[in-house]
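S.K.: Sharing a structure with you now.
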């Protein structure tokens, strides 16, 4: 399976700056002062360059939500009980969760992947069962996953990206559901940004001050126990990560290998992105950071990735909700690029040179 | 006509905090940690409170683009020739401008109001001719408008808001077109923020360093000539403003009087908002700041208004383009509020109290 992953990684090429320049040339011919649509222009140029087509379609968008449980909840790191993970999966399937609402708003589909929920689902439309384990082990006391499980989680993500591409999906987003998952995400943030746990750990679903101090201590203990090595991303994912984070990393790699943009959600998605970026640095070229989360570690993670978020909306829900909003902005940028009249077409005087 | 304006102003009431609290109560019952959708929740609560209905519709959205010319272009303050104003009006009417693309993306209509273009248009579908004058006078040498013209411009905006309400419009946005109009907008920014012209003047459509220094000097000269008084907003609008800025101020007042939100675009719209806020401070409760423009004065104007922009997208086109994007975010927030399942409905365990 390591060999399969290596093949995917080998297919990821940096985005060609010549394509960015070609797209910007068209943007500069449109009836507006050059660059005056700012980040909308940047989004359009990025999309064109990723797709390597002058007028690429953006019809089908998909949010893939990876759900998993976390043994570390035994340490009391979350404000919600662990059964909320499987209950929220049902909420996703019935269309009542935040991600359902925002994906509908963005014209995107939602695929829910059980990659490690501690609950046995029956087959349901919209649910993809790819359970690697019934949740991770308690990373404060033992490795969260075996190395093999971590690899399998990544390959599930790769497979879901490939399935999306085969279904004609133009743009992907990664979402997450997993009570307790800000703890492994913060641990991975510490590993890959080099910051202390206290600097990258936040309140997750809303724990109070004392619980936050405890959460930081749990992460410190885990890092002291496992000594994760940022140069061994698969090892770090196994030691202090989680299955949905692995799935997200794989989805990113699969999207980049297939030349599709991956709209990045918040804190958990960024943990997956850090794993993916260490495995394949060029994958970052395919990422668009949808928003900056309230979680304090998120900005540091985005800086490490070299990404600037589109929105700063004080969001901290996960599920891919920020990414769904990001889709609406990407689409706006591409429509500007495709639909605006040029100076010549409109008979408008251009700026004198 | 002053009497008519006073009647509109008298109808503007502050938004009731009890309605904000009622909306937040519903938001807190939905299947997400309280507050975890950040500014989307804020937008939903604001809309519900403005409309004073638990489940208000948001079907019809309209961007009203006021177009006018500016005598101050004779001073060489713009990168583009003045005929671009009327040429861009035709571009709006044919659907090829940035605002057309983004309004379509947001599901909003575009109304173009000739409030002072130096060109005589024939009747055209989508164009509302309410010409107060063939552009303003050169504010560096004489008052831009008479006090009566300034008042008429405001009343045109009020009338367009009332027409929108009569047509069932749920949310309004104000846009602008007018070569040279960042000069009056910067002058009004200086008047109402108390900052020096150099602090609030930017490159507009893209002038170089020397032209920028000249633009600042032109504004300094105008302020020294007219001594506009921030406590006399109508006088300041007449002395150093412009007709589309007056129209925007009126649209804001009309929207607030009719309890409809007004999505604020960038630098020019903020100048109109400062005039409106001085005439009727409670009107600010009905404003949503869509984005922060590249123009350096814009942030200072938003701070004076007490508004925090939704987007920071490095945009500087005007026309209402940022506001159209803002509509998509407002709609996302309201859909969250209306469509998400509650904890009870979804059978999801809430956070233990």
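Residue numbers (the numbering used here), protein chains in the order written: chain R, 45 to 397; chain E, 45 to 397. Glycine included, every Cβ here is placed at the ideal spot set by N, Cα and C. Since we're looking at a predicted model, the values are computed, not measured.
1) May I ask you to list, following chain order, the residues of the region 140-173 of chain R that have a beta carbon less than 9 Å from some beta carbon of chain E?
2) I want to verify the contact list: residues of chain R whose CB lies under 9 Å from the CB of residue 131 of chain E, in sequence order.
3) Three or more C-beta pairs under 8 Å: does that hold for the region 343-362 of chain E against the region 92-104 of chain R?
4) Please tell me whether residue 300 of chain E and residue 329 of chain E are closer than 9 Å, where the distance is taken between their beta carbons.
5) Determine whether the beta carbon atoms of residue 112 of chain R and residue 180 of chain R lie at a separation below 9 Å.
6) Please say whether residue 390 of chain R and residue 134 of chain E have beta carbons closer to each other than 9 Å?
7) Can you list the residues of chain E that residue 379 of chain R reaches, using a CB-CB cut of under 8 Å?
8) What residue from R:207, R:274 and R:90 has the CA that sits closest to residue 233 of chain R's CA?
9) Should residue 407 of chain E be flagged as near chain R, meaning a C-beta pair shorter than 9 Å?
10) Relative to the C-alpha of residue 268 of chain E, which candidate in E:276, E:283, E:277 and E:257 has its C-alpha closest?
11) Is the shortest distance between the beta-carbon of residue 369 of chain E and the beta-carbons of chain R less than 9 Å?
12) Give a single yes or no on whether residue 102 of chain E has its beta carbon closer than 8 Å to a heavy atom of the ligand PLP.
13) Run down chain E in chain order and give the residues with a C-beta less than 8 Å from the C-beta of residue 359 of chain R.
14) Strictly by DSSP, which residues pair up with residue 333 of chain R?
15) Helix, strand or coil for residue 99 of chain R per DSSP?
16) Report the neighbours of residue 376 of chain R on chain E: residues whose CB is nearer than 7 Å to its CB, in chain order.
17) May I ask you to list the residues that DSSP assigns as paired with residue 457 of chain R?
18) Going straight from the alpha carbon of residue 45 of chain E to that of residue 243 of chain E, what length do you get?
19) With 9 Å as the threshold, decide whether the Cβ of residue 226 of chain R is near any Cβ in chain E.
20) Taking the alpha-carbon positions, what's the residue 68 of chain E to residue 84 of chain E distance?
21) So residue 353 of chain R and residue 346 of chain R are in contact, right, with Cβ under 8 Å, and what is the actual spacing, rounded?
22) Sort out for me which residues DSSP pairs residue 221 of chain E with in a bridge.
23) Classify residue 202 of chain R: buried if its beta carbon has 16 or more other beta carbons within 10 angstroms, exposed otherwise.
24) Taking 6 Å as the limit between beta carbons, can you name the residues of its chain near residue 104 of chain E, skipping five residues before and five after?
25) State the beta-bridge partners of residue 180 of chain E as determined by DSSP.
26) What residues of chain E sit near residue 123 of chain R, judged by a beta carbon separation below 9 Å?
27) What three-state label does DSSP hand residue 237 of chain E in the structure shown?
28) Could you check the C-alpha separation between residue 334 of chain E and residue 167 of chain R for me, to the nearest Å?
29) Could you work out which residue in E:87, E:142 and E:319 is closest to residue 78 of chain R when comparing CA atoms only?
30) Where does the unbroken beta strand (DSSP E) through residue 395 of chain E begin, and where does it stop?
31) Between residue 354 of chain R and chain E, is the shortest Cβ-Cβ distance under 9 Å, so that the two count as touching?
32) Compute the Euclidean distance between the alpha carbons of residue 81 of chain R and residue 322 of chain R, then round it to the nearest angstrom.
33) Let me check understanding here. Comparing Cα to Cα, which of E:356, E:348 and E:99 lies closest to residue 238 of chain E?
34) For residue 297 of chain R, which residues of its own chain have a beta-carbon under 8 Å away from its beta-carbon, when the five flanking residues on both sides are left out?
35) In or out: residue 149 of chain R buried (at least 16 other Cβ within 10 Å) or exposed?
36) Taking DSSP's pairing of strands, which residues face residue 359 of chain R in a bridge?
M.R.: Reading it off the structure:
1) 140, 141, 142, 144, 145, 146, 148, 149 and 150
2) 75, 390, 391, 392 and 393
3) no
4) yes
5) yes
6) yes
7) 145, 146, 148 and 149
8) R:274
9) Nothing can be reported for residue 407 of chain E: it is not among the residues displayed for chain E, which extend from 45 to 397.
10) E:283
11) yes
12) With respect to the ligand PLP, the structure shown offers nothing to examine, as it has no ligands at all.
13) 80, 81, 82, 83 and 84
14) R:308
15) coil
16) 146, 149 and 369
17) In this structure chain R extends from 45 to 397, so residue 457 of chain R is not present and cannot be described.
18) 35 Å
19) no
20) 11 Å
21) 6 Å
22) E:111
23) buried
24) 212, 213 and 214
25) E:114
26) 77, 395 and 396
27) helix
28) 43 Å
29) E:142
30) No beta strand (DSSP E) contains residue 395 of chain E, which DSSP labels as neither H nor E.
31) yes
32) 33 Å
33) E:348
34) 49, 52, 53, 56, 198, 201, 202, 205, 320, 323, 324 and 327
35) buried
36) R:337
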